[in-house]
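Below is one structure; the comments refer to it alone.
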């Protein structure tokens, strides 16, 4: 039996570290957080020092039990979770659980941290243990409490004012505001026409282009010419003045240095992976996690290839710097190594949380050497990290820019520029990606022919080109992360989860790689901006993050911080609840009047999403509703477009003595004949589909239904059915799997009964579900059989109760939590925090242990 127990977060990391520590250690994984706030109101008690009630995360209970069992037999316990606030909190939670169970008495409990999973780093960490950092735990608890209080108090307001199921996160809301405001900028943008004039020069050694910079003796600017007639007149005059050639009036040459970018932080890694590899932030973090936890590298065994990937530091250790400089000298020559290591400054005030930038654990492992051991995603991301780290310690690139001025007569002038690389320096390894190209980027790599003052350059032609100004671009994942970082909103571990929440809640969708807010997202953002302005303000959110950082550094206490936030916030929420019916919706737009009825036509957010409405609830006649078509928005739809939507449902004709119609329902466009509904495909337009096509879809649906039942068993509810993913078993309540080696039609009643007991899962309410449910209700129940499963446990009952509560209407028992915390490490006995470094931990009578 191992004498020591070491606890990490992930099983992959546990497997790697276990090989390094040997038989005296047992290494177990917590699988992320082990406790979370109870999912109901009162989990954070502002009236009692913001006491927080925790419970074990159900899916991780077995891992906690394994840790407890191992701790009982161990002499020493080592907590080796990640080196940030979340990791520190996980260690604290594990320690509290073990302490409450009496498993720490007489045993050494030590905290160790490392930013890379290599034998050297592990050995060094084990030689320098420390206590759990209370300041980091305080900061994490404060963040968790803030997010909980915002979610539980603000989300119900959105439910009542906009639609059920919405959430308002402390950090996600300002991020959504950024996306919405950018969309409004784009919609308000008015394109301006402008013209450029360019000369195509036919130099004997190399053709090149030159742009007009002087017209009629005046500086030529972007909006000097704004119409085609003026542009053609100017072009003709310039051509006449040039008489077939331009004359060189000035040649200037200037050398400049370009420094390499610093090694990656979390945000810059996410940005660059998005630009160069097309990765989402979530994909980047998932791949980076694998590279950090360890990959099997041939005879070397499993080893972590990169350092910890949640960091805002740009520092590199002295060992890493020495190794990188050796690699540069070996592969690129000693002339590429600067006299002293390059030093970079981080913008973050709290970069000491994780001590290094993201870098390869050993620069000696080149991408080419490890490529065959990695998946394609892992290879590409490792290459990005390796190149960026190595390039960061190389000499600057030396660039030479040549600018030539050319005259067309005495009143007009052109300019051409070209930039060449004199000394590549770091560019021999890596060049940072860019979202858009500027003038310097356009000129880079273009070499002009040799020219001197007075040279006559033959002119091929002069042309004028029309342009229009472009609106600001929508945010991509890369540019959104960059903006969040620049504003100081969120921290390294939250960027991916912020984006996942925005898309998961369908507040924004990705069109290509750019975010476009949905109508629901715009309604939420507008409502919060109008009524909770302070809490979606960029500076307020950033300042709150700074205060959390101050808590993590021990410069500020967490309870006073909570009190300062909670009082004004709660007062404003209560005020809005009281005046809710009088407040502006932010989601209703009056379009005009219906010409037939004279009733008002409006666009708004309904229970199931965006819609248009004729009339109001105050009218004697009930309002009419119509869903929007794909691509339409309540913020831009016109009256005519809205009225067109009320042409549905429309009758196409008759078939088999019944009307055939098309309409749009909760789940999209459909065709109907009698009681049969068939969904239209993406290619079918409900406003244009004809009778023949609708009948085809309906017949196809009925044919599927006729062939759905493979086998029935008289006296039993169980059926063998054809499903979307192949044959399966169902009794209307449970669905079960059929072994691949069995013919579905040959199964007996005993066999299907056993299979349903062994593999049955709750049936989804979808196609065929209602029919099965009715059948169950009318048939005589089969004879009772001996139970084959254990009776429901308290845990099962508790889980069912929790799920039931989650489905209730907004109010007590619901869980409108913010998703500003990172999903990759699922969050997760009751603990009462007391101000200050010293904690008094008490059991709560109402908290489950």
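Numbering (the working numbering), first residue to last: 47 to 895. Just so you know, even glycine gets a beta-carbon here, dropped at the ideal spot from N, CA and C. All values derive from a computational prediction rather than experimental measurement.
query, result
"Rounded straight-line distance, which links the Cα of residue 553 to that of residue 568", "7 Å"
"Classification of residue 25 by the beta-carbon crowding that lies within 10 angstroms, buried from 16 upward", "Residue 25 cannot be examined here, being either before or after the span of the chain that is shown, 47 to 895."
"Strand pairing of residue 502, partner residues [DSSP]", "293"
"Where residue 833 sits in the DSSP three-state scheme", "Since pLDDT at residue 833 reaches only 39, below the 50 mark, its modelled position is unreliable, and no value is offered."
"Per DSSP, the bridge partner or partners of residue 240", "513"
"Strand pairing of residue 608, partner residues [DSSP]", "Its beta-bridge partners do not exist; DSSP assigns none."
"Residue burial classification, residue 361 (beta-carbon count within 10 angstroms, cutoff 16)", "buried"
"Under the three-state DSSP convention, the category residue 684 falls into", "coil"
"Chain-order list of residues whose beta-carbon lies under 6 Å from that of residue 855 (same chain, five-residue window excluded)", "Bear in mind that a pLDDT of 35 at residue 855, under 50, signals an unreliable position, so the number given afterwards is only what the model happens to contain. Within the same chain, residue 855 has no close Cβ partners at all."
"CA-to-CA distance, residue 343 to residue 310, given in whole angstroms", "23 Å"
"Neighbourhood of residue 577 by C-beta, 6 Å cutoff - its chain only, sequence neighbours within 5 removed", "622"
"For residue 106, three-class secondary structure by DSSP", "helix"
"Distance, residue 120 Cα to residue 151 Cα", "11 Å"
"Beta-carbon contacts of residue 285 that lie in its chain and below 6 Å, excluding the five residues immediately before and after", "508"
"Other residues of its chain near residue 55: CB distance less than 8 Å, five sequence neighbours each side excluded", "75, 76, 77, 78, 127, 128, 133, 136 and 871"
"Residues bridged to residue 707 [DSSP beta-bridge criterion]", "697 and 718"
"For residue 338 and residue 532, the rounded distance between their alpha carbons", "26 Å"
"Where residue 593 falls, given that 16 or more other Cβ within 10 Å makes a residue buried", "buried"
"8 Å Cβ cutoff met for residue 278 and residue 588", "no"
"Where residue 301 sits in the DSSP three-state scheme", "strand"
"Span separating the alpha-carbon of residue 584 from that of residue 573", "16 Å"
"Under 8 Å between C-beta atoms of residue 294 and residue 480", "no"
"Meets three-Cβ-pair contact criterion under 8 Å: the region 240-251 and the region 680-698", "no"
"Counted within 10 angstroms of its Cβ, other Cβ atoms place residue 94 as buried (16 or more) or exposed", "exposed"
"Element boundaries [beta strand (DSSP E), containing residue 911]", "Coverage of the chain is limited to positions 47 through 895, which leaves residue 911 absent and any answer about it impossible."
"Inter-stretch contact (C-beta, 8 Å, three-pair minimum) for the region 423-430 and the region 310-328", "yes"
"Closest by C-alpha distance to residue 672, when choosing among 663, 223 and 657", "657"
"Boundaries (first-last residue) of the alpha helix (DSSP H) holding residue 192", "180-207"
"Where residue 784 sits in the DSSP three-state scheme", "coil"
"Buried versus exposed, by CB contacts within 10 Å (16 or more), residue 50", "buried"
"Beta-carbon contacts of residue 522 that lie in its chain and below 6 Å, excluding the five residues immediately before and after", "559 and 560"
"Own chain residues within Cβ distance below 6 Å of residue 330, not counting five before or after", "316 and 319"
"Element boundaries [alpha helix (DSSP H), containing residue 495]", "Where residue 495 is concerned, there is no enclosing alpha helix (DSSP H), given that its DSSP letter is neither H nor E."
"Nearest residue (CA-CA) to residue 81, options 144, 689 and 546", "144"
"Proximity below 8 Å, CB of residue 257 to CB of residue 458", "no"
"Given 8 Å, three or more beta-carbon pairs between the region 55-65 and the region 346-357", "yes"
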